[in-house]
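Peer 1:
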Amino acid sequence: MTTSVRAASATDDIAYKVEHVTLRFGGVVSLNDVSLEMYRGEILAVIGPNGAGKTSLFNALTGVYTPQEGSITLVGRAGAQPVSVIGKKTHIINHLGVARTFQNIRLFPALTALENVKIGIETRQKSGPIASMLGMPWQRREEKES
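Note that our numbering numbers the sequence shown so that position 73 is 73, with each residue one more than the last.
1. Does the beta-carbon of P67 have 16 or more other beta-carbons within 10 angstroms, so that it is buried, or is it exposed?
2. Using a Cβ-Cβ cutoff of less than 6 Å, which residues in the same chain neighbour K17 once the five nearest sequence positions on both sides are dropped?
3. So, using beta-carbon positions, are A60 and L31 closer together than 9 Å?
4. Determine the direct distance from the alpha carbon of E69 to that of V28, and round the result to whole angstroms.
5. To which residues does DSSP link Y16 through a beta bridge?
6. If you count every other CB in all the chains shown that lies within 10 Å of the CB of I93, and 16 or more means buried, which is it?
7. My output table needs one value for V83: the three-state DSSP class, helix, strand or coil.
So this is what it looks like as structure tokens:
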């Protein structure tokens, strides 16, 4: 049974589309004919017992693993062309706006929760540390948008 709860901000815009994905490791089938659609603004949970393929699915979505069959398409931002993520390097998929975190995340204990999140965002910002130290207008705007 699959259950999906759509957030009030969710739209009918598909953000990610997974079709008939199969992932094998030798003779072990980790994902077997998996299909799903993720919508922009949707909150989606993947639950199941150990060995059910949850991590394998995330690894396929983020380019860590390449499925042997099926397609994974990132629709991305409105107006953007859909992009197949299969065969793309993880850093390319990251630049498209998709990344993953791990359960054993390391936080900086001396920083607030917001400051820890901002550190992750800074890796995607275009302005550098000097613009940040000088408080340049484009850097402040970029920080506000993130």
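Using N, Cα and C, we set each Cβ at its ideal position, and we do this for glycine too.
Peer 2: Walking through what the data contain:
1. Counting from 1 along the sequence shown, the entry for residue 67 is found at position 67. Label assigned to P67: buried.
2. The residue given as residue 17 occupies position 17 in the sequence shown. Excluding residues within five positions, the ones whose Cβ falls inside 6 Å are E37 and T73.
3. The sequence position of residue 60 within the sequence shown is 60, counting from 1. The sequence position of residue 31 within the sequence shown is 31, counting from 1. A contact, by the Cβ cut-off of 9 Å.
4. Translated into the one-based positions of the sequence shown, residue 28 becomes position 28. Translated into the one-based positions of the sequence shown, residue 69 becomes position 69. Roughly 14 Å between the two C-alpha positions.
5. Start at 1 with the first residue of the sequence shown, and residue 16 comes out as number 16. BP columns for Y16 point to M38 and L74.
6. The residue labelled residue 93 in the question sits at position 93 within the sequence shown. Buried, since its Cβ has 16 or more Cβ neighbours within 10 Å.
7. The residue you call residue 83 lines up with position 83 of the sequence shown. Three-state DSSP puts V83 in a strand.
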